[in-house]
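Visitor: Submitted below is the structure of interest, expressed as structure tokens.
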Amino acid sequence: MTTLTIHRAGPAMTVQDLGREGYLSIGLPRGGAADRKAICESAALLGQSPDHAVIEMAGMGGVFSVSQPTRISLTGAPMRATIGDRAMVWNASHLLIPEDRLTIGPALSGVYGYIGFGGGIATDPVMGSRSTHLTCGIGAALETGMTLPLGPDRNTDRVGMILPTDNRFEGGTVRYINGPQTALFDEATRARFTQTEFTRDSAANRQGVKLNGSGAGFATADQLNILSDAIQPGDIQMTGDGVPFVLLPECQTVGGYPRIGTVIPQDIPKVAQAPAGAKIQFTCITRAEALSSYQSPAGLTRDLSALCKPLIRDPAQMADLLSYQLISGMITGWDA
Amino acid sequence: MMPLPEILPFGLDAVLVRFDTTMSDQANRAALGFAAHIRNSALPFVEVSSTLASVALRFDPLAVGLDEVTALLQQKLETQDWGAVALPAGRKLWRVPTCYGGDHGPQLAEAAELAGVSTNAAIDALGTSRVRVLTIGFAPGLPYLGTLPPEWNIPRQTALTPKVPAGALVVAIRQFVVFANASPTGWRWIGQTALPLFDPARSPASLFSPADEVIFTPVSEAEFTTARTTPFGSATWEDVE
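Protein chains in written order, with my numbering: chain G, 1139 to 1474; chain A, 206 to 446.
Next up, the structure:
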């Protein structure tokens, strides 16, 4: 069996997949990757289903090696990735051999970076998923020195692929649809909500992201006397003082704060990946509009697969790389 | 007969059937009964869960339209008075050894005073109340239980108690909550159980299911100490007829 060794773990590294469904009635949310699109990108690059588990790295990567040649994918928030002095292209797949030490540094933009593996991470599923869910006591954060099993890789020929990147790592416009509690907010408050430019607060985790606006909060008339009701990822919840939080996959299943609407599934990655300080503005769309671009993870993976291209070394870039190394060598010479 | 509930779109892949906007025993019975009924039907829902007075139903929006889902639910809702429907079959009645007052429930006297009864009368009343799991939420396996007699419509505290331990029994607004893990709370801490409410390695992972019934039977400190080292915190259960 192929294994992955973690020689150095960043502070918030976990195993994630698409989460566990079917437990809302016992208070367990779906959980799973903060950026589900990154899971589909990984699956497309590796030519496998999006059910395979990956490593999620919040803000900072780590150092990894494998016991057998293994196909890997690097997706989600772009991070500085190197093997020795070789820079690894992001949003691409590569072959990692046992001699390699894959070093992944901090996120260059966005928050959550992902390493996928041909065959996926093969830890034992808990309640139908390999996703770690720390606040619910399922799994544990990955730590330096750990070894994880990888599943059998059935598609070993597909390697060295690249996907075009999108711009979901720096905030921007986020689409939402109205929900069961939208009517609790008066029209003026709803209008002001879509006109406000929010800044992603530093308070954010896999449960939700806090947003700061200028001016008054977005409270409802009877803010504190709302009966607790079902909540879900994407819900835009106004806390006691009318400050919006967008809920993410590890949000609770029930909540008592009013919600102005729900961010559409396609745009949840953009919220999760917005780094602290990023600007976010909301736009309300119809359910029909939301549905027109909605895809299941399998459907999205299929479409992304068609966009994968072989990763070809650009001669111009290679020249740059050579000159860079020459200069670096000269500097080393001077230092000596 | 209850007024017809609202059917509201909830995100792209769910609808919410809201029986009421305030908590009532009838609305909760309706939510539990309707959720169980839909779960056992052939309707195209991938997940059905109930909260205090509503039911969330998830579906695949690429396979079935919102109009179709709404029409199917409307039809079901009109078939009977869901507020008068029998609670779902397969429920359990749990008897949970509970140590009331003292270090295990430091706010018992305060809660009793708010309810207008003596501490002993409070233990008698709360310790014999047969309450229902109204919903499970806030944390996995964490039950909201009710409905207690009207004198227990006591408010939440204005300030939070920073921490009560796992298994703590707290009371407010005619309901009990038992905490699955150590937690802050605005409810008053009146007793302690040794219930293992959630264990992902166990099947089922949640000790309680929605609509189960529970009696928090008073036990002595010595009996409670024993309960702590006994499987399921010495809780026993039987099937409800």
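Glycine included, C-beta positions come from ideal geometry on N, C-alpha and C.
Please read all numbers here as calculations on a predicted model, not as lab measurements.
Starting from the C-beta of glycine 1169 of chain G, find all residues in its chain whose C-beta is less than 6 angstroms away, skip the five residues before and the five after it, and write them out in chain order.
Guide: Translated into positions along the first sequence, residue 1169 of chain G becomes position 31. Contacts found: Gly1157, Ser1269, His1271, Pro1387 and Glu1388.
Visitor: Helix, strand or coil for arginine 1397 of chain G, going by three-state DSSP, please let me know.
Guide: Counting from one through the first sequence, the residue named residue 1397 of chain G turns up at place 259. Here arginine 1397 of chain G sits in strand by DSSP.
Visitor: Check whether the Cβ atoms of phenylalanine 202 of chain A and phenylalanine 264 of chain A lie closer than 8 angstroms to each other.
Guide: Chain A is shown from 206 up to 446; residue 202 of chain A falls before or after that span and cannot be answered.
Visitor: By a C-beta neighbour count over all protein chains shown, 10 Å radius and 16 as the cutoff for buried, is lysine 1408 of chain G buried or exposed?
Guide: Position 270 of the first sequence holds residue 1408 of chain G. Buried.
Visitor: Is serine 246 of chain A buried or exposed, if buried means 16 or more other CB atoms sit within 10 Å of its CB?
Guide: Position 41 of the second sequence, counted from the first residue, corresponds to residue 246 of chain A. The residue is exposed, with fewer than 16 neighbouring Cβ atoms inside 10 Å.
Visitor: Within a Cβ cutoff of 7 angstroms, which residues of the same chain sit near cysteine 1178 of chain G, ignoring the five residues on either side of it in sequence?
Guide: For the purposes of this step, residue 1178 of chain G is taken as the residue at position 40 of the first sequence. For cysteine 1178 of chain G, where only same-chain residues beyond five positions count, the Cβ hits under 7 angstroms are Pro1188, Pro1435, Leu1438, Thr1439 and Leu1442.
Visitor: Any beta carbon from chain G within less than 8 angstroms of glutamate 252 of chain A's own beta carbon?
Guide: Taking the second sequence and counting its residues from 1, one reaches residue 252 of chain A at position 47. At least one chain G Cβ lies under 8 angstroms of glutamate 252 of chain A.
Visitor: How should arginine 407 of chain A be labelled, buried or exposed, when 16 other C-beta atoms within 10 angstroms of its C-beta is the threshold for buried?
Guide: Sequence index remark: in the second sequence, residue 407 of chain A carries index 202 (1-based). Its Cβ having fewer than 16 others within 10 Å, arginine 407 of chain A is exposed.
Visitor: Are the region 216 to 233 of chain A and the region 1377 to 1385 of chain G touching, with three or more C-beta to C-beta distances below 8 angstroms?
Guide: Touching, no, given that fewer than three Cβ pairs across the two stretches are closer than 8 angstroms.
Visitor: Is valine 1249 of chain G helix, strand or coil when you go by DSSP?
Guide: Residue mapping note: residue 1249 of chain G aligns to position 111 of the first sequence, counting from 1. In the structure shown, valine 1249 of chain G sits in coil (DSSP, three-state: anything other than H, G, I, E or B).
Visitor: Please list the partners that arginine 1344 of chain G has in chain A, where partner means a Cβ-to-Cβ separation under 8 angstroms.
Guide: Taking the first sequence and counting its residues from 1, one reaches residue 1344 of chain G at position 206. Simply none; closest approach about 15 angstroms.
Visitor: Going along the chain, which residues of the region 1409 to 1439 of chain G sit with their C-beta nearer than 7 angstroms to a C-beta in chain A?
Guide: So the close ones are Arg1425, Ala1428, Leu1429, Tyr1432 and Ser1434.
Visitor: So, at 6 angstroms on beta carbons, what are the nonlocal neighbours of asparagine 1316 of chain G in its own chain, with the 5 sequence-adjacent residues on each side left out?
Guide: Here residue 1316 of chain G is taken as the residue at index 178 of the first sequence, counted from 1. Once the five neighbours on either side are set aside, the close Cβ partners of asparagine 1316 of chain G are Gly1399.
Visitor: Verify the CB distance criterion: does proline 1387 of chain G have a CB-CB separation below 8 angstroms to chain A?
Guide: Counted from its first residue, the first sequence places residue 1387 of chain G at position 249. Not closer than 8 angstroms to any Cβ of chain A, the Cβ of proline 1387 of chain G fails to qualify, so no.
Visitor: Select from G:Lys1175, G:Gly1165 and G:Leu1166 the residue whose C-alpha is nearest the C-alpha of threonine 1303 of chain G.
Guide: Indexing the first sequence from 1 puts residue 1303 of chain G at position 165. Checked all of G:Lys1175, G:Gly1165 and G:Leu1166; the closest Cα to threonine 1303 of chain G is G:Lys1175.
Visitor: Based on the DSSP secondary-structure assignment, which residues constitute the bridge partners of leucine 1234 of chain G?
Guide: As a first step, residue 1234 of chain G must be located in the first sequence, where it is residue number 96. Note: leucine 1234 of chain G sits in a beta bridge opposite G:Thr1208.
Visitor: Considering only residues of the same chain and omitting the five flanking positions on each side of aspartate 1405 of chain G, which have a CB-CB separation below 6 angstroms?
Guide: Indexing the first sequence from 1 puts residue 1405 of chain G at position 267. Closer than 6 angstroms at Cβ, skipping near neighbours: Val1312 and Arg1313.
Visitor: DSSP three-state label for cysteine 1178 of chain G, please.
Guide: The sequence position of residue 1178 of chain G within the first sequence is 40, counting from 1. DSSP places cysteine 1178 of chain G in helix when its eight states are reduced to three.
Visitor: Tell me which residue opens and which closes the alpha helix (DSSP H) that threonine 1332 of chain G is part of.
Guide: Here residue 1332 of chain G corresponds to residue number 194 of the first sequence, with the count starting at 1. Start and end: 1325 to 1333.
Visitor: Please list, in chain order, the chain A residues whose beta carbon lies closer than 8 angstroms to that of glutamine 1390 of chain G.
Guide: Counting from one through the first sequence, the residue named residue 1390 of chain G turns up at place 252. Those within 8 angstroms of glutamine 1390 of chain G in chain A are Gly342, Phe343 and Ala344.
Visitor: So, are the CB atoms of proline 311 of chain A and leucine 237 of chain A less than 8 angstroms apart?
Guide: Sequence index remark: in the second sequence, residue 311 of chain A carries index 106 (1-based). Sequence index remark: in the second sequence, residue 237 of chain A carries index 32 (1-based). Their beta carbons are not under 8 angstroms apart, which means proline 311 of chain A does not touch leucine 237 of chain A by this criterion.
Visitor: Could you tell me which of G:Pro1244, G:Thr1358 and G:Ala1342 sits nearest to alanine 1215 of chain G, measuring between CA atoms?
Guide: Against the first sequence, residue 1215 of chain G aligns to sequence position 77. That would be G:Pro1244, whose Cα lies nearest to the Cα of alanine 1215 of chain G.
Visitor: Listed from N- to C-terminal order along the chain, which residues in the region 1358 to 1370 of chain G have their beta-carbon within a distance smaller than 7 angstroms of any beta-carbon of chain A?
Guide: Listed in sequence order: Leu1365, Ser1366, Asp1367, Ala1368 and Gln1370.
Visitor: With a 10 Å radius around its C-beta and 16 neighbouring C-beta atoms as the bar for buried, classify alanine 1457 of chain G as buried or exposed.
Guide: If you number the first sequence from 1, residue 1457 of chain G lands on position 319. Any reading at alanine 1457 of chain G needs caution, since the residue's pLDDT is 44, under 50, leaving its predicted position unreliable; the model's value is listed next. The residue is exposed, with fewer than 16 neighbouring Cβ atoms inside 10 Å.
Visitor: Nearest by alpha-carbon distance to glycine 1165 of chain G: which of G:Ala1219, G:Thr1273 and G:Asp1173 is it?
Guide: Translated into the one-based positions of the first sequence, residue 1165 of chain G becomes position 27. Closest by alpha carbon: G:Thr1273.
Visitor: Mind checking asparagine 1229 of chain G: buried by the 16 CB within 10 Å criterion, or exposed?
Guide: For the purposes of this step, residue 1229 of chain G is taken as residue 91 along the first sequence, with counting starting at 1. Buried, since its Cβ has 16 or more Cβ neighbours within 10 Å.
Visitor: What residues in the region 214 to 233 of chain A have a beta carbon less than 8 angstroms from any beta carbon of chain G?
Guide: Here the close residues are Pro214, Phe215, Gly216, Leu217, Asp218, Ala219, Leu221, Arg223, Asp225, Thr226, Thr227 and Met228.
Visitor: Per DSSP, what kind of secondary structure is glutamate 443 of chain A in: helix, strand or coil?
Guide: If you number the second sequence from 1, residue 443 of chain A lands on position 238. Note: glutamate 443 of chain A maps to strand in three-state DSSP.
Visitor: How many angstroms separate the CA atom of alanine 1426 of chain G from the CA atom of alanine 1181 of chain G?
Guide: As a working mapping, residue 1426 of chain G is identified with position 288 in the first sequence. As a working mapping, residue 1181 of chain G is identified with position 43 in the first sequence. Going from the Cα of alanine 1426 of chain G to the Cα of alanine 1181 of chain G covers about 28 angstroms.
Visitor: Quick check: the Cα distance between alanine 1225 of chain G and alanine 1219 of chain G, rounded to an integer number of angstroms?
Guide: As a first step, residue 1225 of chain G must be located in the first sequence, where it is residue number 87. As a first step, residue 1219 of chain G must be located in the first sequence, where it is residue number 81. Straight-line Cα distance between these residues: approximately 6 angstroms.
Visitor: Count the C-beta pairs between the region 1356 to 1369 of chain G and the region 253 to 273 of chain A that are closer than 8 angstroms, then say yes if the count reaches three, no if not.
Guide: Contact between the region 1356 to 1369 of chain G and the region 253 to 273 of chain A is present, because at least three Cβ pairs lie under 8 angstroms.
Visitor: What residues in the region 259 to 280 of chain A have a beta carbon less than 7 angstroms from any beta carbon of chain G?
Guide: If the cut-off is 7 angstroms between Cβ atoms, the region 259 to 280 of chain A has Ser259, Ala261, Pro266, Leu267 and Leu271 near chain G.
Visitor: Which ranges would you report for the alpha helix (DSSP H) in the region 1259 to 1341 of chain G if only whole runs of at least 4 residues count?
Guide: Taking only runs of at least 4 residues, the alpha helix (DSSP H) segments lying wholly in the region 1259 to 1341 of chain G are 1325 to 1333.
Visitor: Do you know offhand how far proline 266 of chain A's Cα is from valine 1384 of chain G's?
Guide: Here residue 266 of chain A corresponds to residue number 61 of the second sequence, with the count starting at 1. Here residue 1384 of chain G corresponds to residue number 246 of the first sequence, with the count starting at 1. Between proline 266 of chain A and valine 1384 of chain G, the C-alpha separation is close to 22 angstroms.
Visitor: Is threonine 324 of chain A close to chain G? Criterion is C-beta to C-beta, closer than 8 angstroms.
Guide: Within the second sequence, the letter at position 119 stands for residue 324 of chain A. Not closer than 8 angstroms to any Cβ of chain G, the Cβ of threonine 324 of chain A fails to qualify, so no.
Visitor: So, using beta-carbon positions, are isoleucine 1259 of chain G and valine 1204 of chain G closer together than 8 angstroms?
Guide: Position 121 of the first sequence holds residue 1259 of chain G. Position 66 of the first sequence holds residue 1204 of chain G. In this structure, valine 1204 of chain G does not lie closer than 8 angstroms to isoleucine 1259 of chain G by Cβ.
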